[in-house]
Amino acid sequence: MLVRSVAGTKIRTLSRLIDASDAPVWAIDASNELIYLSSGVGSWLDVEPEKLLGQQCVGGASISDDPSSKLAARLAPPPGFLAAGTASYEVTAAASGIARQVRFVRVGPTDEPLVLGIAGDFDDAEPDSELTASEIKDAIQIRKRLDAWRSHQKQIASLLLAGSSRLANRLNRQVDLACRTRCDVLLVGLPGCGSDEIADAVHLRSDQRPEAVVKVDGGLMDIELLDAVLSPVTDLLSDSSDSVATAVISDLEQMPIETQNRLHYWYESHRGRLRLIGMVSSVSEHGLPSHGPPNHGPPVPMESLNSATTDFSSDPGDDFLTDGTNSGLIDSLSDLFSAFSIEVPSLVARVEDIPEIASALLHHQQVVAGVRPDRIGRSAMDAIVTYPWPNNFSELAETIRYAAARAASDSISIEHLPLAVRTYRPADPNQSDSSVFKGEPVKLDDAVGQFEQTLIREAVDAAGGNRAEAARYLGISRARLLRKLDQADG
Amino acid sequence: MMGAELYWKARPTDRCAKCSWYIIESGERWTTAAFRFAPGVIPAGHQISVESSTEPNSVFLGQANAEIHLESSCHIVIWQITRSNLIKRVDQLVSVRTRRQGYLHIAAIDQLGRDDLLCLSELGIAACIRHPEDLAKLIGPIRGHFARFADSLD
Numbered sequence: 001m002l003v004r005s006v007a008g009t010k011i012r013t014l015s016r017l018i019d020a021s022d023a024p025v026w027a028i029d030a031s032n033e034l035i036y037l038s039s040g041v042g043s044w045l046d047v048e049p050e051k052l053l054g055q056q057c058v059g060g061a062s063i064s065d066d067p068s069s070k071l072a073a074r075l076a077p078p079p080g081f082l083a084a085g086t087a088s089y090e091v092t093a094a095a096s097g098i099a100r101q102v103r104f105v106r107v108g109p110t111d112e113p114l115v116l117g118i119a120g121d122f123d124d125a126e127p128d129s130e131l132t133a134s135e136i137k138d139a140i141q142i143r144k145r146l147d148a149w150r151s152h153q154k155q156i157a158s159l160l161l162a163g164s165s166r167l168a169n170r171l172n173r174q175v176d177l178a179c180r181t182r183c184d185v186l187l188v189g190l191p192g193c194g195s196d197e198i199a200d201a202v203h204l205r206s207d208q209r210p211e212a213v214v215k216v217d218g219g220l221m222d223i224e225l226l227d228a229v230l231s232p233v234t235d236l237l238s239d240s241s242d243s244v245a246t247a248v249i250s251d252l253e254q255m256p257i258e259t260q261n262r263l264h265y266w267y268e269s270h271r272g273r274l275r276l277i278g279m280v281s282s283v284s285e286h287g288l289p290s291h292g293p294p295n296h297g298p299p300v301p302m303e304s305l306n307s308a309t310t311d312f313s314s315d316p317g318d319d320f321l322t323d324g325t326n327s328g329l330i331d332s333l334s335d336l337f338s339a340f341s342i343e344v345p346s347l348v349a350r351v352e353d354i355p356e357i358a359s360a361l362l363h364h365q366q367v368v369a370g371v372r373p374d375r376i377g378r379s380a381m382d383a384i385v386t387y388p389w390p391n392n393f394s395e396l397a398e399t400i401r402y403a404a405a406r407a408a409s410d411s412i413s414i415e416h417l418p419l420a421v422r423t424y425r426p427a428d429p430n431q432s433d434s435s436v437f438k439g440e441p442v443k444l445d446d447a448v449g450q451f452e453q454t455l456i457r458e459a460v461d462a463a464g465g466n467r468a469e470a471a472r473y474l475g476i477s478r479a480r481l482l483r484k485l486d487q488a489d490g
Numbered sequence: 491m492m493g494a495e496l497y498w499k500a501r502p503t504d505r506c507a508k509c510s511w512y513i514i515e516s517g518e519r520w521t522t523a524a525f526r527f528a529p530g531v532i533p534a535g536h537q538i539s540v541e542s543s544t545e546p547n548s549v550f551l552g553q554a555n556a557e558i559h560l561e562s563s564c565h566i567v568i569w570q571i572t573r574s575n576l577i578k579r580v581d582q583l584v585s586v587r588t589r590r591q592g593y594l595h596i597a598a599i600d601q602l603g604r605d606d607l608l609c610l611s612e613l614g615i616a617a618c619i620r621h622p623e624d625l626a627k628l629i630g631p632i633r634g635h636f637a638r639f640a641d642s643l644d
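Next up, the structure:
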């Protein structure tokens with residue numbers, strides 16, 4: 001066993017010489033905190049070095065919106081550095097735009113490294129392999145683009161979290177807590193309510209060091225495809241015991257049971273290192289996910305959705321959905337997400353936030369697309385607030401994008417809004433003479449189906465029994481007509 | 491009968507959905523694969539169109555839709571991505587994703603490493619395929635994507 005019995009010399013003289021040279025030099029400890037910054041760093045970044053001391057130096061994302069956190073993130077070494085032990089990287093100061101060549105050197109063991117960063121003008125010998133230098137250059141370019149995309153996604157998430165309603169405040173607190181802890185999270189919300197954006201925010205704003213992420217579209221995914229989609233992170237986790245990763249799974253309740261079991265297998269195989277962020281659609285009053293199985297896809301037994309959580313019927317208290325209906329998840333995944341689920345409210349549930357969100361979306365369009373209008377007129381805002389937004393946040397974002405592109409003035413007026421929004425009129429709640437809504441409620445799908453069958457029968461009769469002719473009358477394919485006739489007979 | 495006659499004289503509502511495939515590649519490998527396998531993965535009775543280009547074109551990078559909710563086609567994009575065009579494809583993918591939501595993006599890959607695949611996943615690539623026959627294995631996600639689109643049709 002090695003015993004360190006001899007201390008090194010004092011570094012005060014070294015520190016004075018470094019400061020005198022005005023060279024930007026900094027040091028990062030094993031927990032990714034900045035523990036030393038020379039005065040040259042302060043001159044280069046136009047910041048007091050003391051303000052960056054103790055900040056997390058994590059590449060790709062700042063821990064918070066604090067400017068110091070963002071500056072600290074810029075001083076992080078590039079990906080793959082720890083394994084190599086040395087790397088060269090170009091770092092640009094945000095304030096001045098001055099880019100400097102930086103050499104990173106790892107000192108000490110890989111599991112407890114001390115990283116030194118030194119900025120300067122270097123003239124290295126040609127690399128042995130042009131391919132290697134090219135690959136590094138490409139990796140840097142890819143990383144820059146990924147950072148830009150992550151920044152964009154975080155901005156979108158902040159738009160969705162705007163507002164001061166009680167639901168907005170609650171949502172912000174929950175998202176903030178999810179970001180601070182690295183626990184598995186289930187997001188429950190209607191289509192278009194922004195679950196995807198919130199999942200991105202939870203991952204990107206996480207307090208931990210940046211980790212690999214893979215996105216999985218859970219709907220009707222089989223085991224083989226799941227393995228293929230997860231392979232980059234499962235390989236990463238298998239290669240290194242220090243690695244961590246996140247899998248973001250949308251439409252989790254649409255995933256077949258056997259695939260959900262497979263997902264749980266991977267989770268257990270890398271327990272503690274593979275984080276899951278799942279998204280499920282809100283459940284209708286009939287206890288079924290709002291999407292349901294596709295009309296024409298491979299049959300997914302309805303029992304597999306309803307019976308997946310067999311314990312729920314006996315213990316509704318365990319259900320994380322507030323309306324007490326089951327979630328379409330297997331028991332093990334339900335248990336996994338039982339600690340933390342976030343219900344993403346619909347836009348109309350946060351109607352008092354709509355003006356603020358719409359204004360924020362317009363401002364975002366000004367920044368990214370350079371549109372002219374900078375405000376929404378009163379009549380337009382009234383229409384926006386009145387509209388029921390069946391597709392929630394995504395529909396509102398598309399509306400603002402569309403209106404901003406059409407408006408030629410500084411203000412968005414009602415005529416700039418899409419037809420569906422500007423012409424919407426809520427039904428008169430006092431109206432009672434509509435025969436359609438008297439008595440029993442009418443199921444739209446049943447009524448449409450009956451009308452369809454009547455029309456089809458009349459078309460076939462008019463065509464003398466010629467189904468191809470009848471299909472032409474109705475403007476549909478013969479195959480579709482035959483299918484509808486089979487449905488009627490069956 | 492009378493009601494049906496009047497209905498025929500009026501323009502019937504076309505409730506047939508359309509699935510548009512865009513293949514961004516140099517060559518014909520993936521276009522041929524789309525022609526071969528698209529009819530099998532899309533439910534019968536719906537229209538399929540396949541367009542091929544070396545670059546994302548104005549067809550789906552043009553102006554915003556004239557009206558919301560009138561999107562009449564479900565979109566699937568296959569990107570041919572290799573080591574040499576990775577950066578360009580990343581830029582194009584980000585551009586499309588920023589301007590168009592609700593598309594299903596598939597990457598036809600060659601010689602990409604793990605970090606590249608993670609990057610593509612984060613940027614919205616739903617699945618990666620290496621061989622034309624892999625397209626047939628995506629029947630589940632493609633039908634799920636199509637069903638989500640069809641749900642929003644009037």
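Those protein sequence lines, which keep their order, are chains A and B.
With this note's numbering applied, the first sequence corresponds to residues 1 to 490, in that order.
With this note's numbering applied, the second sequence corresponds to residues 491 to 644, in that order.
Here a beta-carbon is modelled for each residue, glycine too, at the ideal position from N, C-alpha and C.
Since this is a predicted model, take the numbers as computed values, not measurements.
| query | result |
| --- | --- |
| Straight-line Cα distance separating Arg271 (chain A) from Ala157 (chain A) | 28 Å |
| Cut-off 7 Å between Cβ atoms - residues of its own chain near Pro426 (chain A), not counting five sequence neighbours on either side | Thr386 |
| Beta-carbon proximity list for Glu48 (chain A), same chain, < 7 Å, skipping 5 on both sides | Gly42 |
| DSSP state of Asp486 (chain A) mapped onto helix, strand, coil | helix |
| Beta-carbon separation (whole angstroms), Ser379 (chain A) vs Ser409 (chain A), contact threshold 8 Å | So it is not a contact: roughly 14 Å between Cβ atoms. |
| For Phe81 (chain A), the first and last residue of its enclosing alpha helix (DSSP H) | Phe81 to Ala84 |
| Neighbouring residues, chain B, relative to Leu220 (chain A) (Cβ below 7 Å) | Gly630, Pro631, Arg633 and Gly634 |
| CB contact check: Gln141 (chain A) to chain B, cutoff 7 Å | yes |
| Alpha-carbon to alpha-carbon, Ala468 (chain A) and Leu474 (chain A) | 10 Å |
| For Gln453 (chain A), the first and last residue of its enclosing alpha helix (DSSP H) | Leu444 to Ala462 |
| Supposed contact pair Arg633 (chain B) and Leu220 (chain A) - C-beta distance, whole angstroms, cut 8 Å | 6 Å |
| Chain-ordered neighbours of Trp149 (chain A) on chain B, where CB pairs are closer than 7 Å | Val584 and Leu613 |
| Chain B residues whose Cβ lies nearer than 7 Å to that of Leu146 (chain A) | Cys609 and Glu612 |
| C-beta neighbour in chain B for Lys480 (chain A), strict 7 Å | The question names Lys, but residue 480 (chain A) in the sequence shown is Arg. Answer yes: the Cβ-Cβ gap between Arg480 (chain A) and chain B drops below 7 Å somewhere. |
| Own chain residues within Cβ distance below 8 Å of Pro441 (chain A), not counting five before or after | none |
| Helix, strand or coil at Gln254 (chain A) according to DSSP, with G and I counted as helix | helix |
| N- and C-terminal bounds of the beta strand (DSSP E) containing Ser43 (chain A) | Counting along the chain, Ser43 (chain A) falls outside any beta strand (DSSP E), though it belongs to the alpha helix (DSSP H) covering Ser39 to Leu45. |
| CB-CB length for His416 (chain A) against Arg401 (chain A), believed under 8 Å | The pair is not a contact, with the Cβ atoms about 11 Å apart (cut-off 8 Å). |
| Other residues of its chain near Ser243 (chain A): CB distance less than 8 Å, five sequence neighbours each side excluded | Glu211, Ala212, Leu236, Leu237 and Arg273 |
| Check whether Leu82 (chain A) and Cys57 (chain A) have beta carbons under 7 Å apart | no |
| Backbone CA spacing between Ile513 (chain B) and Ile577 (chain B) [nearest angstrom] | 18 Å |
| Which listed residue (A:Gly163, A:Ser477 and A:Leu45) has its alpha carbon closest to that of Ile98 (chain A) | A:Leu45 |
| Residue interval of the beta strand (DSSP E) (run including Lys508 (chain B)) | Lys508 to Ile514 |
| Within chain A, the residues that Lys578 (chain B) reaches when beta carbons sit closer than 7 Å | Those within 7 Å of Lys578 (chain B) in chain A number zero; the least Cβ separation is about 10 Å. |
| Three-state class that DSSP yields for Ile532 (chain B) in the structure shown | coil |
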